[in-house]
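Working notes for the structure below.
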Amino acid sequence: MVTTIPNGFTSVTPYVVMDDAAAAVKFYRKAFGAEEKMCLSTPDGKVMYAEIQVGNARIMMGGPCPESGGDLTKSAKSLGGSPISFYVYVEDVETAFNKAKEAGMTEKKGIENMFWGDRMGTLTDPFDVEWTIAEHVRDVPLEEMEEVMKNMAC
Numbered sequence: 004m005v006t007t008i009p010n011g012f013t014s015v016t017p018y019v020v021m022d023d024a025a026a027a028v029k030f031y032r033k034a035f036g037a038e039e040k041m042c043l044s045t046p047d048g049k050v051m052y053a054e055i056q057v058g059n060a061r062i063m064m065g066g067p068c069p070e071s072g073g074d075l076t077k078s079a080k081s082l083g084g085s086p087i088s089f090y091v092y093v094e095d096v097e098t099a100f101n102k103a104k105e106a107g108m109t110e111k112k113g114i115e116n117m118f119w120g121d122r123m124g125t126l127t128d129p130f131d132v133e134w135t136i137a138e139h140v141r142d143v144p145l146e147e148m149e150e151v152m153k154n155m156a157c
């Protein structure tokens, strides 16, 4: 029976435009242990659509496609970065963070404990996509977080 949300997906699933989706799939396998779920290529070998699984999350990606007439025409690299980033929860932040660095990610912010209870660090991948890797280490009451926020500025 057909379901309104395909098996393996959640109701919100990111779709990322990559200049080289094939290289991105390969890189995410190395950096995060991602599992390739699907890959559709044009006759000349260009990946137009791919799905990977990172932990329990599915990510869709494909190459720029100006012919689509939609917004899937530019990658983060072609735009000089992206306002979208990925926040990935893991069991061991140090191990996952170091594995991502060894795979070729650039450290943007080292691992530190945050006031909301996560231990996290941020990296940028070779495709100019930002990834924060986090481990939840402490449950923090909302009131405590609000108190800290009173003294913060962005």
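Position in the sequence shown (from 1) plus 3 gives the number in my numbering. Note that the Cβ used here is the ideal one computed from N, Cα and C, for glycine as well. Source: prediction; values computed, not measured.
Residues of the same chain with a CB within less than 7 Å of the CB of Lys104, apart from the 5 flanking positions on each side, are Glu110, Leu126 in chain order.
Under the criterion of beta carbons closer than 8 Å, Met123 and Ile136 qualify as touching, at roughly 6 Å.
Ser78 sits close to Phe130, with the two beta carbons spaced by under 8 Å. By alpha-carbon distance to Gly66, the top candidate from Tyr90, Phe35, Lys33, Val28 is Val28. In the DSSP assignment, Lys29 forms no beta bridge with any residue. C-alpha of Met41 to C-alpha of Ala53: approximately 5 Å in a straight line.
Under the rule that a run must span 3 or more residues, the beta strand (DSSP E) segments found entirely inside the stretch 83-130 read 88-92, 109-116, 121-127. For Glu39, the uninterrupted beta strand (DSSP E) segment begins and ends at 38-44. The Cβ atoms of Val93 and Gly120 lie no closer than 8 Å to each other.
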